[in-house]
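Trainee: Mind the numbering: the sequence shown is residues 21 to 478 in the numbering used here, read in order.
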Amino acid sequence: MNSNSSSQTKPPSREGFSTNLGVIAATLGSAVGLGNIWKFPYMTGENGGAAFIFVYLICVFLCGLPVMISELIIGRTTHANAVGAFKKLAPKQPWYMIGVSGALCAFLIMAYYSCVSGWVFSYIFKAASGALTTTDPTKTTEVFTQATSTIWSPLFWQWLILFLTGSIIVMGVSKGIERITKTLMPILFVLLLICDIRALTLPGASEGLKFLFNPDFSKITGGVILAALGLSFFKLSVGMGTMTTYGSYFRDDQNIPSTAFKVMISDTVVSMMAGMAIFPAVFAYGVKADVGPSLLFITIPTVFSSMPLGTFFMILFFLLSSLATVGAMISLIEVPVAYLSEELKLTRTKAAILTVVAIALVGSTATLSSSVLKDTLIAGRNFFDTYSFLTDNILMPVGGLFITIFIAWKWGKENILEKGSNYGQLDNTSLLTNFYHIVKFVTPIAIILVLLSGFGVF
Ligand code: PFF
Numbered sequence: 021m022n023s024n025s026s027s028q029t030k031p032p033s034r035e036g037f038s039t040n041l042g043v044i045a046a047t048l049g050s051a052v053g054l055g056n057i058w059k060f061p062y063m064t065g066e067n068g069g070a071a072f073i074f075v076y077l078i079c080v081f082l083c084g085l086p087v088m089i090s091e092l093i094i095g096r097t098t099h100a101n102a103v104g105a106f107k108k109l110a111p112k113q114p115w116y117m118i119g120v121s122g123a124l125c126a127f128l129i130m131a132y133y134s135c136v137s138g139w140v141f142s143y144i145f146k147a148a149s150g151a152l153t154t155t156d157p158t159k160t161t162e163v164f165t166q167a168t169s170t171i172w173s174p175l176f177w178q179w180l181i182l183f184l185t186g187s188i189i190v191m192g193v194s195k196g197i198e199r200i201t202k203t204l205m206p207i208l209f210v211l212l213l214i215c216d217i218r219a220l221t222l223p224g225a226s227e228g229l230k231f232l233f234n235p236d237f238s239k240i241t242g243g244v245i246l247a248a249l250g251l252s253f254f255k256l257s258v259g260m261g262t263m264t265t266y267g268s269y270f271r272d273d274q275n276i277p278s279t280a281f282k283v284m285i286s287d288t289v290v291s292m293m294a295g296m297a298i299f300p301a302v303f304a305y306g307v308k309a310d311v312g313p314s315l316l317f318i319t320i321p322t323v324f325s326s327m328p329l330g331t332f333f334m335i336l337f338f339l340l341s342s343l344a345t346v347g348a349m350i351s352l353i354e355v356p357v358a359y360l361s362e363e364l365k366l367t368r369t370k371a372a373i374l375t376v377v378a379i380a381l382v383g384s385t386a387t388l389s390s391s392v393l394k395d396t397l398i399a400g401r402n403f404f405d406t407y408s409f410l411t412d413n414i415l416m417p418v419g420g421l422f423i424t425i426f427i428a429w430k431w432g433k434e435n436i437l438e439k440g441s442n443y444g445q446l447d448n449t450s451l452l453t454n455f456y457h458i459v460k461f462v463t464p465i466a467i468i469l470v471l472l473s474g475f476g477v478f
């Protein structure tokens with residue numbers, strides 16, 4: 021029995037998720053987002069389809085999922101924010117820097133995520149107005165340029181989204197985060213299913229399925245593997261304190277390995293469903309799949325416009341994409357909010373206002389990277405790309421690396437077995453023993469190798 025356990029009991033005043041379904045909805049709500057509907061499809065399109073998905077799934081099993089379980093256990097054991105958790109488990113030692121870098125990472129992701137989310141929300145209205153109902157890519161490019169490279173319109177959408185998500189945070193963990201994600205997740209699933217049925221029943225849809233399921237391994241390089249690793253972290257919201265923070269709201273009887281597994285599987289299903297709504301349609305109309313980030317904003321509208329009832333499905337698609345971003349954004353904002361309110365003793369409302377205003381300021385530089393700040397570059401990248409590069413390729417993998425080092429090498433097997441089994445209430449010793457060996461050796465070595473090869477060291 022660890023000496024920390026007596027100091028790790030939950031303070032009575034701390035709010036948490038109230039039901040098992042709520043835990044799954046909130047955690048899945050964090051995982052599902054632009055990652056599934058924007059990043060996963062365009063990265064799959066660019067990097068060889070099924071082969072990339074195969075590498076991505078390996079990264080999920082060996083790195084993303086183990087880090088997710090680690091974070092949830094650390095959060096639930098301490099019932100503290102991402103920084104406070106490490107302070108409790110390793111007092112007066114620098115491990116809490118994992119939490120600090122996590123909060124910074126969540127903040128920087130939000131800076132550009134809220135910008136893209138703003139574009140997606142604005143696209144619901146553009147689709148409804150008929151502005152996107154065209155099969156001519158030069159026209160959809162024009163609409164996208166107009167939506168992103170003016171000053172006030174994209175800023176308006178970004179700030180509006182920040183205001184909305186900030187308001188959900190102020191409502192609280194159970195009444196805000198849990199309630200909203202419990203409502204949004206089923207809606208999202210149904211809308212995606214409708215889009216899938218539409219795309220899969222188009223003549224020529226099978227080419228798109230082949231692309232998703234027939235691997236072409238010639239496109240896999242060190243850089244592609246690093247991208248897949250970054251995506252697996254981004255997808256499962258790990259490596260930046262989000263799952264530590266959400267784990268801190270888990271009930272003491274929650275089965276963590278099983279919850280993490282269910283969330284991972286459901287999240288992968290959503291990504292595949294998004295792929296199946298996009299690629300069959302892309303191939304059915306003979307459009308190129310490897311166009312990169314503009315896939316969602318330039319290619320998709322032309323593809324949807326080509327199909328019967330296209331405008332209607334386009335509105336549904338952008339609506340579901342917008343809803344998907346909400347659960348992810350609340351979980352990102354919650355990391356600094358929990359930190360500020362618990363470590364600096366601010367009220368939840370003050371912490372939320374401070375966080376949202378700071379994200380709006382920094383996030384505006386990401387949004388303006390398509391207009392007035394286009395030529396302001398840091399090491400050759402504009403603000404938007406800098407935030408994305410720093411978080412995807414450095415902060416998230418390195419955060420994940422240190423979390424596994426902490427849990428396996430510092431905290432140790434005994435603690436993992438004790439806390440992961442809810443103090444012996446669950447019969448999962450052999451599962452946790454395997455988990456321990458994976459986080460001790462496989463995950464850190466895989467992350468280090470992938471980081472080194474991604475940076476061209478070998
Ligand atoms: N998992 C989210 C997505 O795939 O869109 C993004 C995300 C949410 C990343 C929360 C990180 C995070 F902490």
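Using N, Cα and C, we set each Cβ at its ideal position, and we do this for glycine too.
#1: Considering only residues of the same chain and omitting the five flanking positions on each side of residue 325, which have a CB-CB separation below 6 angstroms?
#2: For the ligand PFF, any of its heavy atoms closer than 6 angstroms to the Cβ of residue 262?
#3: Please name the residue, chosen from 176, 359, 354 and 351, that lies closest to residue 381 on a Cα-to-Cα basis.
#4: Could you tell me whether the Cβ atoms of residue 45 and residue 201 are closer together than 7 angstroms?
#5: Could you tell me whether the Cβ atoms of residue 379 and residue 130 are closer together than 7 angstroms?
#6: Alpha carbons only, please: which of 331, 328, 330 and 294 is nearest the one belonging to residue 1?
#7: Taking DSSP's pairing of strands, which residues face residue 401 in a bridge?
#8: Does the beta carbon of residue 257 fall short of 6 angstroms from some heavy atom of the ligand PFF?
#9: Are there any heavy atoms of the ligand PFF lying less than 6 angstroms away from the beta-carbon of residue 351, as far as the coordinates show?
#10: What are the complete alpha helix (DSSP H) segments, minimum 4 residues, inside the region 138-214?
#11: Using 8 angstroms as the cut-off, can you tell me whether the region 439-456 makes contact with the region 216-233, which would need three or more C-beta pairs spanning the two stretches below that distance?
#12: Return yes when the Cβ of residue 43 is within less than 7 angstroms of the Cβ of residue 281, no when it is not.
#13: Evaluate the contact criterion for the region 129-147 versus the region 97-109: three or more CB pairs, one atom per stretch, below 8 angstroms.
#14: For residue 402 and residue 389, which I take to be in contact (beta-carbon distance under 8 angstroms), what is that distance rounded to the nearest angstrom?
#15: Taking 6 angstroms as the cut-off, is the CB of residue 473 close to at least one heavy atom of the ligand PFF?
#16: For residue 337, verify whether its CB is less than 6 angstroms away from any heavy atom of the ligand FMN.
#17: With a threshold of 6 angstroms (Cβ to nearest heavy atom), would residue 169 be considered close to the ligand PFF?
#18: Out of curiosity, what's the CA-to-CA distance linking residue 473 and residue 394?
#19: Cβ of residue 53 within 6 angstroms of any heavy atom in the ligand PFF?
#20: Say whether the region 350-363 touches the region 167-175, bearing in mind that this needs 3 or more beta-carbon pairs closer than 8 angstroms, one atom from each stretch.
#21: Taking the alpha-carbon of residue 166 as reference, which of 229, 387 and 368 has the nearest alpha-carbon?
#22: Looking at residue 283 and residue 540, is the spacing between their C-beta atoms short of 7 angstroms?
#23: Considering Cα atoms alone, identify which of 83, 118, 273 and 404 is closest to residue 40.
#24: Enumerate in chain order the residues of its own chain whose CB-to-CB distance from residue 34 is below 7 angstroms, with the five nearest sequence positions on each side excluded.
#25: Would you identify the three-state DSSP class for residue 287, choosing helix, strand or coil?
#26: To the nearest angstrom, report how far apart residue 356 and residue 38 are at their CA atoms.
#27: Below 6 angstroms CB to CB, which residues in the same chain sit around residue 26 once its five sequence neighbours on both sides are set aside?
#28: Output the distance between the C-alpha atoms of residue 421 and residue 80, rounded to the nearest integer angstrom.
#29: Buried or exposed for residue 329, please, with buried defined as at least 16 other CB atoms from any protein chain shown within 10 angstroms of its CB.
#30: Check whether the region 110-125 touches the region 133-140, taking contact to mean three or more Cβ pairs, one atom from each stretch, closer than 8 angstroms.
#31: Taking just the CA atoms, how far does residue 345 sit from residue 255?
#32: When burial is assigned at 16 or more other CB atoms within 10 Å of the CB, is residue 178 buried or exposed?
#33: Could you name each continuous alpha helix (DSSP H) segment of 4 residues or more that falls completely within the region 361-388, going from the start of the chain to the end?
Mentor: Considering the structure as presented:
#1: Translated into positions along the sequence shown, residue 325 becomes position 305. Closer than 6 angstroms at Cβ, skipping near neighbours: 153, 154 and 155.
#2: Position 242 of the sequence shown holds residue 262. Yes, the beta carbon of residue 262 sits closer than 6 angstroms to at least one heavy atom of the ligand PFF.
#3: Within the sequence shown, numbered from 1, the residue matching residue 381 stands at position 361. Closest by C-alpha distance to residue 381, out of 176, 359, 354 and 351, is 176.
#4: The count along the sequence shown starts at 1 and reaches residue 45 at position 25. The count along the sequence shown starts at 1 and reaches residue 201 at position 181. Yes; because the gap between Cβ atoms is below 7 angstroms, this pair is in contact.
#5: Locating residue 379 in the sequence shown gives position 359, counting from the first residue. Locating residue 130 in the sequence shown gives position 110, counting from the first residue. Contact: yes.
#6: Because residue 1 is not part of the residues shown, which for the chain are 21 to 478, the question remains open.
#7: Within the sequence shown, numbered from 1, the residue matching residue 401 stands at position 381. The bridge partners DSSP lists for residue 401 are 398.
#8: Residue numbering aside, residue 257 sits at position 237 when the sequence shown is read from its first letter. Because some heavy atom of the ligand PFF lies under 6 angstroms away, the Cβ of residue 257 counts as near it: yes.
#9: On the sequence shown, position 331 is the one that residue 351 refers to. Residue 351: yes, Cβ under 6 angstroms from the ligand PFF.
#10: 157-169 and 172-191
#11: no
#12: Position 261 of the sequence shown, counted from the first residue, corresponds to residue 281. Position 23 of the sequence shown, counted from the first residue, corresponds to residue 43. With a cutoff of 7 angstroms on beta-carbon distance, residue 281 and residue 43 are scored as not near each other.
#13: no
#14: Within the sequence shown, the letter at position 382 stands for residue 402. Within the sequence shown, the letter at position 369 stands for residue 389. That pair is a contact at about 4 angstroms.
#15: Here residue 473 refers to the residue found at position 453 when the sequence shown is read from its first residue. For the ligand PFF, not one heavy atom lies less than 6 angstroms from the Cβ of residue 473.
#16: As for the ligand FMN, it is missing from this structure, which binds only the ligand PFF.
#17: Along the sequence shown, one-based indexing puts residue 169 at 149. No, the ligand PFF has no heavy atom inside 6 angstroms of this Cβ.
#18: If you number the sequence shown from 1, residue 473 lands on position 453. If you number the sequence shown from 1, residue 394 lands on position 374. Roughly 30 angstroms between the two C-alpha positions.
#19: In the sequence shown, residue 53 corresponds to position 33, counting from 1. Yes, Cβ of residue 53 sits closer than 6 angstroms to a heavy atom of the ligand PFF.
#20: no
#21: By 1-based counting over the sequence shown, the position of residue 166 is 146. Minimum Cα distance to residue 166 is reached at 387.
#22: With the chain covering 21 to 478 only, the question about residue 540 has no answer from this structure.
#23: By 1-based counting over the sequence shown, the position of residue 40 is 20. The shortest Cα separation from residue 40 among 83, 118, 273 and 404 belongs to 273.
#24: Taking the first residue of the sequence shown as position 1, residue 34 is located at position 14. Only 99 meet the Cβ criterion.
#25: Translated into positions along the sequence shown, residue 287 becomes position 267. Helix at residue 287.
#26: The residue you call residue 356 lines up with position 336 of the sequence shown. The residue you call residue 38 lines up with position 18 of the sequence shown. Rounded to whole angstroms, residue 356 to residue 38 spans 22 angstroms at the Cα level.
#27: Taking the sequence shown and counting its residues from 1, the one referred to as residue 26 is at position 6. Because residue 26 carries a pLDDT of 43, less than 50, the predicted location of this residue cannot be relied on, and no value is offered for it.
#28: Mapped onto the sequence shown, residue 421 falls at position 401. Mapped onto the sequence shown, residue 80 falls at position 60. Answer to the nearest angstrom: the Cα atoms are 14 angstroms apart.
#29: The residue labelled residue 329 in the question sits at position 309 within the sequence shown. Burial call: exposed.
#30: no
#31: Here residue 255 corresponds to residue number 235 of the sequence shown, with the count starting at 1. Here residue 345 corresponds to residue number 325 of the sequence shown, with the count starting at 1. Cα-Cα distance, rounded: 12 angstroms.
#32: One-based indexing of the sequence shown puts residue 178 at position 158. Label assigned to residue 178: buried.
#33: 368-387
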